[in-house]
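Data first, discussion second: the structure below is written as structure tokens.
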Amino acid sequence: MTSTPHADSYYAASANDKTERAQLRDNIDTDICIIGAGYTGLSTALHLLEMGYSVTVLEAARIGWGASGRNGGQIVNSFSRDIDSIEKTVGKEAGKLFGEMAFEGARIIKDRISKYNIQCDLQDGGVFAALNNKQMGHLQSQKALWEKHGHMNHLELLDKNDIRKVVDTEAYVGGLLDKSGGHIHPLNLALGEANAVESLGGKIYENSAVVKVEEGENPVVHTAHGSVKAKFVVVAGNAYLGGLIPQLQAKAMPCGTQVITTEPLSDELAKSLLPQNYCVEDCNYLLDYFRLSGDNRLIYGGGVVYGARDPADIKSIITPKMLKTFPQLKGVKIDYTWTGNFLLTLSRLPQVGRIGSNIYYSQGCSGHGVTYTHLAGKILAEAINGQATRFDAFAGLPHYPFPGGHMFQVPFSAIGAWYYTMRDKLGV
Ligand SMILES: Cc1cc2nc3c(=O)[nH]c(=O)nc-3n(C[C@H](O)[C@H](O)[C@H](O)COP(=O)(O)OP(=O)(O)OC[C@H]3O[C@@H](n4cnc5c(N)ncnc54)[C@H](O)[C@@H]3O)c2cc1C
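Heads up: the sequence shown begins at 1 in the UniProt record's numbering, then just goes up one per residue.
Right, here's the structure in full:
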């Protein structure tokens, strides 16, 4: 059997569990077959198992091989477009429901970690950092908006002096601290969730790419060496799904973002950079994000490659960004670099829905996916279990195909990104 290893990242090197699961080489029956063992797939699996269903997860490579095992590890509340934009699309009443859901993903993650005793370096507290006054104004509105939707007692605006006490850089004019955000070792979270799935009787097959989904009353999911007959299928392949389900491919575009990780820093240096050990992301459209690892490395990400081509030299793209924020890190060694794909939609809102009566999907959270995917898993499980109010709310959000189809996705989005980056630079 040929195995597809995890990306050569700090996370793969420090994974808690390297056990390889079997490949599917059988024809089996299950209640629900899930395609993809990232957070969307694993969260859905765990919720369904807790409800008493039998679940089989098929993963093309390894558990957490996609974005879920490569991301910045930042637990960020709300959605990639905030509740006010959603409200404009769906109206005030439905908007309230999204407001209630906007903070649930982080609670689900923290609940999973404590319930299943997952060791993934959880730290509380995340900072949104403003590079100019316009962004600071936006953070003030964001705080008011989140408080209006019940996210009370967790938020604190930071002025220029305050933010220097939590991030040792001249770069920011202020920020917003969300104490209910935080950060984790993302691959160890996925691996811990996979163990939880298996502890409840769920089956996970690795190196088992789905090559065909046969629709019908009992859909059949085929891999190269086996098949799974199910009552329901959940498609959770996100940016790595390719053309398996053509109607999903047409609606969104994979994009790459890159991460570097330093050598372990001395306690003194690590503590001086981020004294409270919060994670940080700036407010630019193409944003930088960073945090400390459990062993005092700085993990720094940023940049977007539209169309998800792998950049040749990640170190030379991301290191200057890190040194602009922290010039004091000049000369520090970079131990790991990697890239990963997230899925961008035109509205930057997730796409949730059903194909026929029994094939469910969620994809395209467009960046902030660590919390959303955990919420999505719960919502998909609820819908399969017959409670579809929250699923229907998500499914009602408009899905726009990228104009011009695949050929023009990349230039179209790159022009959009250039426009927003210029606005960020000018602070307008
Ligand atoms: C570098 C990077 C940094 C990020 N940082 C953050 C962050 O700090 N905070 C945040 O909130 N979000 C972040 N994100 C986004 C977040 O990681 C993703 O939104 C989220 O992990 C998506 O989870 P998923 O389960 O939907 O998809 P994935 O984790 O990509 O999982 C999809 C899985 O499906 C499998 N698959 C695909 N096709 C098939 C098939 N045919 N058969 C079987 N299996 C298949 C893939 O192999 C893959 O393992 C980041 C993303 C990247 C790439």
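Glycine included, every Cβ here is placed at the ideal spot set by N, Cα and C.
I'd like to confirm the pairing. Which residues does DSSP put opposite residue i in its beta bridges?
i: Asn27; result: Ser227
i: Leu298; result: Leu292
i: Ala129; result: Gly175 and Asp282
i: Pro254; result: Leu343
i: Lys203; result: Thr56
i: Tyr336; result: Thr261
i: Tyr306; result: Cys255
i: Glu170; result: Answer is none; Glu170 lacks a bridge partner.
i: Phe232; result: Ile32
i: residue 449; result: The question about residue 449 has no answer here: the residues shown for the chain are numbered 1 through 428.
i: Val352; result: Ser362
Could you check what DSSP says for residue i in three-state terms: helix, strand or coil?
i: Val428; result: Here the model assigns Val428 a pLDDT of 46, short of 50, so the residue's position is not dependable, and the following value carries that caveat. The answer is coil: DSSP assigns Val428 none of H, G, I, E or B.
i: Trp146; result: helix
i: Val221; result: strand
i: Lys212; result: strand
i: Asn16; result: coil
i: Gln276; result: coil
i: Gln140; result: helix
i: Gly243; result: coil
i: Gln119; result: coil
i: residue 440; result: Given that the chain is displayed from residue 1 to residue 428, the structure contains no residue 440 and the question cannot be resolved.
i: Leu155; result: strand
i: Asp111; result: helix
i: Asp124; result: strand
i: Asp8; result: coil
i: Arg164; result: helix
i: Gly331; result: coil
i: Ser316; result: helix
i: Thr325; result: helix
i: Pro311; result: coil
i: Gly237; result: coil
i: Asn188; result: helix
i: Ala22; result: coil
i: Leu248; result: helix
Does the beta carbon of residue i come closer than 8 Å to any beta carbon on chain D?
i: Ser85; result: No chain D is present in this structure, which holds just one protein chain.
Starting from the C-beta of residue i, find all residues in its chain whose C-beta is less than 6 Å away, skip the five residues before and the five after it, and write them out in chain order.
i: Glu263; result: Lys333 and Asp335
i: His47; result: Gly377, Lys378 and Ala381
i: Cys33; result: Thr56, Val221, Val228, Ala230 and Val233
i: Ala13; result: none
So, for residue i: in the same chain, excluding its five sequence neighbours on each side, which residues have a beta-carbon less than 7 Å away from its beta-carbon?
i: Ala383; result: Tyr360 and Phe391
i: Ala130; result: Met136, Leu139, Tyr172, Val173, Gly174, Gly175 and Cys283
i: Ser9; result: Arg70, Tyr336 and Trp338
i: Gly353; result: Tyr361 and Ala395
i: Leu191; result: Ala15, Asn16, Asp17, Ile63 and Gly64
i: Glu87; result: Gly95
i: Asn27; result: Gly226 and Ser227
i: Lys179; result: Asp124, Gly125 and His154
i: Met101; result: Leu375 and Arg390
Below 8 Å on the Cβ atoms is my guess for residue i versus residue j; work out the distance and round it to an integer in Å.
i: Leu274; j: Glu104; result: That pair is no contact at about 27 Å.
i: Gly364; j: Gly36; result: Actually they are not in contact, since the Cβ atoms of Gly364 and Gly36 sit about 13 Å apart, beyond 8 Å.
i: Asp17; j: Asn195; result: 7 Å
i: Ile63; j: Leu122; result: Their Cβ separation, rounded to whole angstroms, is 19 Å, which puts Ile63 and Leu122 out of contact at 8 Å.
i: Asp29; j: Lys229; result: 5 Å
i: Thr4; j: Asn207; result: 6 Å
i: Val221; j: Val234; result: At roughly 10 Å, the Cβ-Cβ gap does not stay under 8 Å, so Val221 and Val234 are not in contact.
i: Gly181; j: Ala67; result: Actually they do not touch by this definition, with Cβ atoms about 18 Å apart.
i: Gly58; j: Leu24; result: Correcting the residue identity first, residue 58 is Leu in this sequence and not Gly. Confirmed, Cβ separation roughly 6 Å.
i: Glu281; j: Phe98; result: Not quite, the Cβ-Cβ distance comes to about 21 Å (not below 8 Å), so this is no contact.
Whose C-beta lies closer than 8 Å to the C-beta of residue i among residues of the same chain, with five residues either side of it excluded?
i: Lys324; result: Ala171
i: Leu343; result: Asn238, Ala239, Ala252, Met253, Pro254, Cys255, Gln363, Gly364, Cys365 and Ser366
i: Gln247; result: Ile355
i: Val428; result: Summary for Val428: the model assigns pLDDT 46, below 50, so the residue's position carries little reliability, and this model does not support an answer.
i: Ile318; result: Gln258, Val259, Ile260, Tyr300, Gly301, Gly302, Gly303 and Thr337
i: Gly242; result: Gln249
i: Glu198; result: Ile204
Quick check: does the Cβ of residue i come within less than 7 Å of any heavy atom belonging to ligand 3?
i: Asp162; result: No copy of ligand 3 appears in this structure; the ligands present are ligand 1.
Handout entry: Continuous alpha helix (DSSP H) assignments of at least 4 residues falling wholly in the stretch 354 to 413
Key = If we require 4 residues or more, the alpha helix (DSSP H) runs fully inside the stretch 354 to 413 come out as 370 to 384 and 389 to 395.
Exercise for the section: Quick one: which unbroken alpha helix (DSSP H) runs of 4-plus residues sit fully inside the stretch 25 to 107? Chain order, please. Expected result: 39 to 51, 83 to 90 and 92 to 101, all fully within the stretch 25 to 107.
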